[in-house]
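A.B. asks: Next up is a structure, given as structure tokens.
There are 2 protein chains.
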Amino acid sequence: MDTVGLRERKKQETRIALSWAAVRLAVERGLDNVRVEDIAAEAGVSLRTFRNYFSNKAEAIAARHVDRTLRIAEALRARPAREPLWPALRGAIETQFALGQEGHGGMGKPDEQWLAGIRLMLTEPALQGEIAKASATAEQELADAIATRTGAGGMYPRLVAAAVGAAVAVAMGEWLRADPPLPMADLLSDALDQLQAGLPEPG
Amino acid sequence: MDTVGLRERKKQETRIALSWAAVRLAVERGLDNVRVEDIAAEAGVSLRTFRNYFSNKAEAIAARHVDRTLRIAEALRARPAREPLWPALRGAIETQFALGQEGHGGMGKPDEQWLAGIRLMLTEPALQGEIAKASATAEQELADAIATRTGAGGMYPRLVAAAVGAAVAVAMGEWLRADPPLPMADLLSDALDQLQAGLPEPG
DNA sequence: AGGCATATTTGCACTTTAGGCAAATTTTGC
DNA sequence: GCAAAATTTGCCTAAAGTGCAAATATGCCT
């Protein structure tokens, strides 16, 4: 038998189905034209069950993004303890963004839903609070992982986590904005370089 | 007559009164035991008027914090254009946090409401989304001001704004947490120093 | 397999939030 | 003063959110 039972797995499936339905409907009709009830129906559960998982539309839409960002901290912990912090951080981040680049030899269709979800979150003002909350959660985990890895105390772990989170957010924003599309990896690398250089004033 | 008419001023007063009432009631009874209706009553306006100003409790509570953080960008713009970016940034930030230090020769009572509001926002999970949204708004303004001042394009202005926002947030958190209380100015300065040094791994 | 304990889903009742709309009130500019 | 414009307010309806208990599904032990 698996380490996770049927119960656990079905719960996860329901959660994903709800989040997926939320994003799809919101993209199709616009956020305001989607009732929580519709999302529940789309996912094949009762309205009340939706509320057992999420407290509102925004949370449901952001759920997959939250999961993804939380995995950065997880990836960091999985790295060899002796690896210096910054390379480890870059590695951990890259594993979560190893997609979206078109024309690359990799998978052809770069998680279209994820892209739509991100675009939606950056577009709809009503979702910005949620994306920010997601970042806060992720940064908390990241700070813990950094503290464990470096043994540093004080503000350092939280500073690094917050700064890295900021860099990721800025890079993501630029990625969506860039008209001649740029590879996410490059933007991310560029942002982290500037951060590590202490953000010196150009010119 | 003033440059702003009575209308403008009363609107601002109502806004402040509502935000103030929201914070006070939430601190007194706990966030969940405050209905929007109560806040409106406390501020002496109708429930419907409350909704003309804010769309929910959280927004009302965060309003004064938003105003305050927006003033950082304003302060940056007010600085001499030739001043290098980082000193100007530090100066602008400090002007908005020139309070809260007890035992300093300055004002005796350091905006008790503000402290309570901040503590509330950092404490109540339901408000974290709002504080984050506030930061996002402030960072947008800050990025614009930085872009204007430095003439830099690309991600630089947004990166600096986001990183500075992160540093301020971390310093504020530490300030509230520190058991033997530390001066906000020191924490802020420390955080910005680390940022400018490129957040090198200690040890 | 059978059966008990635990977790999840669901329906239902109820309170609160959210927002459109038009009437009443207040401020502004002339 | 007085008309135009903005703000406040009450009313109304849809939707969100929450507690509770019954029904259903799963895990676990014998």
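Residue numbers (the working numbering), protein chains in the order written: chain A, 1 to 203; chain B, 1001 to 1203.
The beta carbon of each residue, even a glycine, is placed where N, CA and C say it ideally should be.
Nothing here was measured: the structure is a model prediction, and the numbers come from that model.
1) By a C-beta neighbour count over all protein chains shown, 10 Å radius and 16 as the cutoff for buried, is R1064 of chain B buried or exposed?
2) Is the region 137–145 of chain A in contact with the region 66–77 of chain A, if contact means three or more CB pairs nearer than 8 angstroms?
3) Can you give me the C-alpha to C-alpha distance between G1106 of chain B and P1180 of chain B, rounded to a whole angstrom?
4) Please look up how many angstroms separate the CB atoms of A1171 of chain B and M1155 of chain B, rounded, as I've assumed it's under 8 angstroms.
5) Spatial neighbours of A1022 of chain B within its chain, please: CB distance less than 7 angstroms, with the 5 preceding and 5 following residues excluded, ordered by chain position.
6) Are the CB atoms of R1158 of chain B and G153 of chain A within a distance shorter than 9 angstroms?
7) 9 angstroms is my cut-off, CB to CB: does V160 of chain A come that close to chain B?
8) Take G165 of chain A as the anchor and find which of A:L120, A:M121, A:E42 and A:L89 has the nearest alpha-carbon.
9) Give the interface partners of G1129 of chain B over in chain A, defined as CB-CB distance under 7 angstroms, in chain order.
10) So, helix, strand or coil for R79 of chain A, using DSSP?
11) Compile a chain-ordered list of the residues in the region 145–174 of chain A whose CB is closer than 8 angstroms to at least one CB of chain B.
12) Can you list, in chain order, the residues of the region 1189–1202 of chain B whose Cβ is nearer than 9 angstroms to any Cβ on chain A?
13) Hey, does L1142 of chain B have any beta-carbon neighbour from chain A nearer than 9 angstroms?
14) Examine chain A for any beta-carbon lying closer than 9 angstroms to the beta-carbon of L1176 of chain B, and answer yes or no.
15) Report the neighbours of W1086 of chain B on chain A: residues whose CB is nearer than 8 angstroms to its CB, in chain order.
16) In angstroms with no decimal places, state the Cα-to-Cα distance between E94 of chain A and E13 of chain A.
17) What's the gap between the Cα of I1146 of chain B and the Cα of M1121 of chain B?
18) By how many angstroms is the C-alpha of P1202 of chain B removed from the C-alpha of Q196 of chain A?
19) Could you check the C-alpha separation between W1020 of chain B and G1044 of chain B for me, to the nearest Å?
20) If you drop the 5 nearest sequence neighbours on each side, which residues of the same chain put their C-beta closer than 7 angstroms to that of R1015 of chain B?
21) Less than 9 angstroms separating the beta-carbons of L25 of chain A and F50 of chain A?
22) Beta carbon of A1163 of chain B, beta carbon of A41 of chain A: below 9 angstroms?
23) Leaving out five residues before and five after A1178 of chain B in sequence, what residues of the same chain have Cβ atoms less than 8 angstroms from its Cβ?
24) Residues in its own chain within less than 7 angstroms of V1027 of chain B by CB, not counting five upstream and five downstream?
25) Can you name the start and end residues of the alpha helix (DSSP H) that N33 of chain A belongs to?
26) From what residue to what residue does the alpha helix (DSSP H) around V45 of chain A run?
27) Which residue marks the beginning of the alpha helix (DSSP H) containing E174 of chain A, and which one marks its end?
28) Indicate whether T1150 of chain B and L1085 of chain B have their beta-carbon atoms separated by less than 9 angstroms.
29) For N1052 of chain B, does the three-state DSSP call read helix, strand or coil?
30) Run the CB neighbour count on K10 of chain A, radius 10 Å, all protein chains shown included, and call it buried at 16 or more, exposed below.
31) Could you confirm whether any beta carbon from chain A is found closer than 9 angstroms to the beta carbon of L1187 of chain B?
32) Is it buried or exposed, G30 of chain A, if we count other Cβ atoms within 10 angstroms and call 16 or more buried?
33) Going by other Cβ atoms of all chains shown within 10 Å of its Cβ, with 16 needed for buried, is T1003 of chain B buried or exposed?
C.D. replies: A quick look at the data gives this:
1) buried
2) yes
3) Confidence in G1106 of chain B is poor, its pLDDT being 41 and thus under 50, which makes the residue's placement too unreliable to answer from.
4) 23 angstroms between Cβ atoms; not a contact.
5) I1039, K1057, A1060 and I1061
6) no
7) yes
8) A:L89
9) G129, E130, A132 and K133
10) coil
11) T150, G151, A152, G154, M155, Y156, R158, L159, V160, A162, A163, G165, A166, A167, A169, V170, A171, G173 and E174
12) D1190, A1191, Q1194, L1195, Q1196, A1197, G1198, L1199, P1200, E1201 and P1202
13) no
14) no
15) E201
16) 26 angstroms
17) 27 angstroms
18) 13 angstroms
19) 12 angstroms
20) Y1053 and A1063
21) no
22) no
23) L1187
24) A1116 and L1120
25) Segment: none, N33 of chain A is in no alpha helix (DSSP H) and carries neither H nor E.
26) Neither: V45 of chain A is in no alpha helix (DSSP H) and is coded neither H nor E.
27) Y156 to R177
28) yes
29) helix
30) exposed
31) yes
32) exposed
33) Caution applies to T1003 of chain B, whose pLDDT of 44 falls short of 50 and renders its modelled position unreliable; the value that the coordinates give is listed next. T1003 of chain B comes out exposed.
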